[in-house]
Amino acid sequence: MQHEREFGFATRAIHAGTAPDPATGSRAAPIYQTASFVFGSTEQAAELFALRSYGHIYSRISNPTVAAFEERMASLEGGLGAIAFSSGLAAQLCTVLTLAQAGDHLVCTQNVYGGTVTQLSVTVKRMGIETTFVSAEDFDSVRAAIRPETKLLFVETVGNPSGVVADLRAFAKVAHEAGIPLVVDNTFATPYLCRPIDLGADVVLHSATKFINGHGTAIGGVLVESGKFPWEGGRFPLLSTPSLGYHGKVFTETFGEYAFLMRARAEVSRDVGAAMSPMEAWLMLIGLETLELRMRRHVSNARAVAAFLRDRSEVAWIREPKLGSIFTFGLKGGRDAGRRFIDALELWSHLANVGDAKSLVIAPASTTHSQLSDEELRKAGVEPESIRLSVGLEEVDDLLWDLDNGLRASQ
Amino acid sequence: MILTTPSQRRDLLAKTSTIAMVGASNNPLRPSYTVFSYLRTQTRYVVTPINPTLSEIDGVAAFASLQAYAEALGAPDLVDVFRRPSKLVAVVREAIAIGAPAIWFQYGVINDEAIALADGAGMSVVVDRCIKVEQARFRGGLSTSGLNSGLITSRRRAL
Chain A
0 MQHEREFGFA TRAIHAGTAP DPATGSRAAP IYQTASFVFG STEQAAELFA LRSYGHIYSR
60 ISNPTVAAFE ERMASLEGGL GAIAFSSGLA AQLCTVLTLA QAGDHLVCTQ NVYGGTVTQL
120 SVTVKRMGIE TTFVSAEDFD SVRAAIRPET KLLFVETVGN PSGVVADLRA FAKVAHEAGI
180 PLVVDNTFAT PYLCRPIDLG ADVVLHSATK FINGHGTAIG GVLVESGKFP WEGGRFPLLS
240 TPSLGYHGKV FTETFGEYAF LMRARAEVSR DVGAAMSPME AWLMLIGLET LELRMRRHVS
300 NARAVAAFLR DRSEVAWIRE PKLGSIFTFG LKGGRDAGRR FIDALELWSH LANVGDAKSL
360 VIAPASTTHS QLSDEELRKA GVEPESIRLS VGLEEVDDLL WDLDNGLRAS Q
Chain B
0 MILTTPSQRR DLLAKTSTIA MVGASNNPLR PSYTVFSYLR TQTRYVVTPI NPTLSEIDGV
60 AAFASLQAYA EALGAPDLVD VFRRPSKLVA VVREAIAIGA PAIWFQYGVI NDEAIALADG
120 AGMSVVVDRC IKVEQARFRG GLSTSGLNSG LITSRRRAL
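Below, the structure written as structure tokens:
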């Protein structure tokens, strides 16, 4: 039965984590819509609570449908394991809290999602964890920003919405030379276009709401960890010293390579309480089955749309997509022309999301990144007139027809 | 033979019934207790502590040495080792002497001389792996925790 074959990406996207249900033989992943799980005995219950056994206790901590999605994500990203959350921002917060506490410090590139900037610079800062934002293209400033109390370096594979593609190998080198892990938000690339762990990343994050779900039907997030970072040695006392939240357990001693994942789930996710629900996990599992097919079409449609816009006289500038299907452009006539353009569209949906099968449009400066100052906007690669497109899976000619109408109305 | 593939580890675990755990601890914070308790309570294996400083763990009588274990119970199917690398050559010599067919060195329990000695004596050898993790990989435990088991199958596993 067991074999040594290394199955390909599309096969793992369909099968990983979802062997037939041993209880029923169900071939589709069952939705285990339950809050709790009955123990086999008092001894088994004690073993579970002491983290000495595998099994489900309560769906805030783990659930079979959610675990199937987690294992599939770990397989696709090439990680040791994964933990799913109620949103991408919850996954990000729990990653921070697994490694950092008051008095600690983070380094983050400045061309990231506006919600990430706000979470780190406002909410996480109030918890006593400071973040220095640095240019993704200036490694000297990245190196200079890392302090003895820095716990992680955070970067997006493809900056939102700037489209800047990070040199993840170089970031991993900088992080590891400084003794800290590289945390990568891989939402815009997906593991089909980029697998950060292969390039040296230690933790990979996703807003699973985007391409992983693929249809705009659920909010979710996930973290995947490589299991390769050496957490021992004193820099990460939350993992390598007795845990206050787990009766003195030392995660690195007890769990070895699983230390990060075990603390992130058993302590941080347990206490934050932002678990993914079984129904959401099921929607994510279905989405992943077609990830490869969808990404191929997202990319080819995006290239056609970018080529169309490049040649139009109404377009002042365009940052063509280097990786993926999300990019920005600006119109002659600035914000007012952009407003007329968006209001004239019939097929493109004006909303705050990306990675849907449906094509989406938004003006980041007044929406997704509106909490940022003018200075932060400039650093994030957002112009006041920027229009962000997330190119969907429709017939490309229909998308171009609609854009043509919008461009005409803009001037 | 040094076992390096998943199927080799699965086959070893499938044909194993008795496990002598060298260095088992009664301290709940130690990995060697965690693994002992897991094997005792959650699996079909008959696991016995080998530790000269303890008389028993959770009601299971401990033996002072592999030699003492073998005199009472015969050779175990598998010797699972939680000892410092410097102690491993002696453990392997004892395992060979009692005729144990397989030896498992836990995470970080690595000594090249001891590995070569066991391999040369014809034992099945697993190095730098956790027997709890590998048992869970093939019995669904890792999957329960969102961990990457590496297993892909459309066959239905027996409950």
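Line by line, the protein sequences are chains A and B. Oh and the first sequence: position 141 is 140 in numbering that gives the first Met the number 0, straight run, nothing missing. Oh and the second sequence: position 133 is 132 in numbering that gives the first Met the number 0, straight run, nothing missing. Note that CB positions come from ideal geometry on N, CA and C, so glycine has one too. Since the model is a prediction, treat every value here as computed from it, not as a measurement.
- Of all residues in the stretch 131-154 of chain B, only Val132, Ala135, Phe137, Gly139, Gly140, Leu141, Ser142, Thr143, Ser144, Gly145, Leu146, Asn147, Ser148, Gly149, Leu150, Ile151, Thr152, Ser153, Arg154 place a beta-carbon less than 8 Å from a beta-carbon of chain A.
- Interface criterion not met: the Cβ of Arg83(B) is under 8 Å from no Cβ in chain A.
- In this structure, DSSP gives Arg387(A) an extended state, which the three-state scheme calls strand.
- By the neighbour-count criterion, in which 16 or more other beta carbons inside 10 Å mark a residue as buried, Glu3(A) falls on the exposed side.
- Across the stretch 83-111 of chain B, CB contacts with chain A closer than 7 Å involve Tyr106, in sequence order along the chain.
- By the C-beta density criterion, Ala23(B) is buried, having at least 16 other C-beta atoms within 10 angstroms.
- Judged by DSSP in its simplified three-state form, Thr94(A) adopts helix.
- Remark: C-beta atoms of Trp103(B) and Val88(B) do not approach each other more closely than 8 Å.
- Membership of Ser206(A) in any alpha helix (DSSP H) is not indicated; the residue belongs instead to the beta strand (DSSP E) covering 202-206.
- Ala71(B) counts as exposed, since fewer than 16 other C-beta atoms from the protein chains shown sit within 10 angstroms of its C-beta.
- Contact between Leu290(A) and Phe235(A) does not hold, since the beta-carbon distance rounds to 32 Å and is not under 8 Å.
- A straight line joining the alpha-carbon of Lys227(A) with that of Asp397(A) spans about 46 Å.
- Within the DSSP secondary-structure output, Tyr57(A) pairs in a beta bridge with Ser35(A).
- At a beta-carbon threshold of 9 Å, none of the residues of chain A lie near Tyr44(B); the nearest stands roughly 14 Å away.
- For Phe104(B), no alpha helix (DSSP H) run applies; the uninterrupted beta strand (DSSP E) run containing it begins and ends at 101-104, by DSSP.
- When 8 Å is used as the limit between beta carbons, Leu79(A) is near these residues of chain B: Leu146, Asn147, in chain order.
- Close partners of Gly54(A) in chain B (Cβ separation under 7 Å): Thr143.
- The C-alpha of Tyr68(B) lies about 22 Å from the C-alpha of Pro30(B).
- Taking 8 Å as the cut-off, the beta carbon of Leu392(A) is found no closer than this to the beta carbon of Val360(A).
- In summary, the residues of the stretch 8-40 of chain B whose CB is separated from some CB of chain A by less than 9 Å are Arg9, Asp10, Pro27, Leu28, Arg29, Pro30, Tyr32, Thr33, Val34, Ser36, Tyr37, Thr40, in the order they occur in the chain.
- One thing to note: Leu11(B) has its Cβ within 8 Å of the Cβ of Leu2(B).
- The C-beta of Ile82(A) comes closer than 8 Å to at least one C-beta of chain B.
- Excluding the 5 residues flanking it on each side, Ala315(A) has same chain C-beta neighbours closer than 7 Å at Gly329, Leu330, Lys331, in chain order.
- One alpha carbon belongs to Ala177(A), the other to Lys357(A), and they sit about 42 Å apart.
- The beta carbon of Leu398(A) does not come within 8 Å of any beta carbon belonging to chain B, so the residue lies off that interface.
- Straight through space, the alpha carbons of Thr156(A) and Gly98(B) are spaced by roughly 54 Å.
- Among the residues of the stretch 254-284 of chain A, those with a Cβ less than 9 Å away from any Cβ of chain B are Phe254, Gly255, Glu256, Tyr257, Leu260, Met261, Arg264, in the order of the chain.
- Residues of the stretch 212-223 of chain A with a C-beta less than 8 Å from any C-beta of chain B: none at all.
- Taking all protein chains shown into account, Trp230(A) has 16 or more neighbouring C-beta atoms within 10 Å of its C-beta and is therefore buried.
- Nearest in C-alpha terms to Ala217(A), of all of Pro277(A), Leu260(A), His175(A), is Pro277(A).
- Within chain B, Ile151, Thr152, Ser153 have C-beta atoms less than 9 Å from the C-beta of His14(A), given in sequence order.
- Assignment of Ile179(A) by DSSP, reduced to helix, strand and coil, places it in the coil class.
- Against Thr4(B), the close residues of chain A are Glu3, in the order they occur along the chain (beta-carbon pairs closer than 8 Å).
- Rounded to the nearest angstrom, the gap between the Cα atoms of Ala67(A) and Ser25(A) is 14 Å.
- In terms of beta-carbon proximity, Lys248(A) lines the interface with chain B, with at least one pair separated by less than 8 Å.
- The stretch 67-139 of chain B is shown to contain whole beta strand (DSSP E) runs of 3 or more residues at 77-80, 101-104, 123-125, in chain order.
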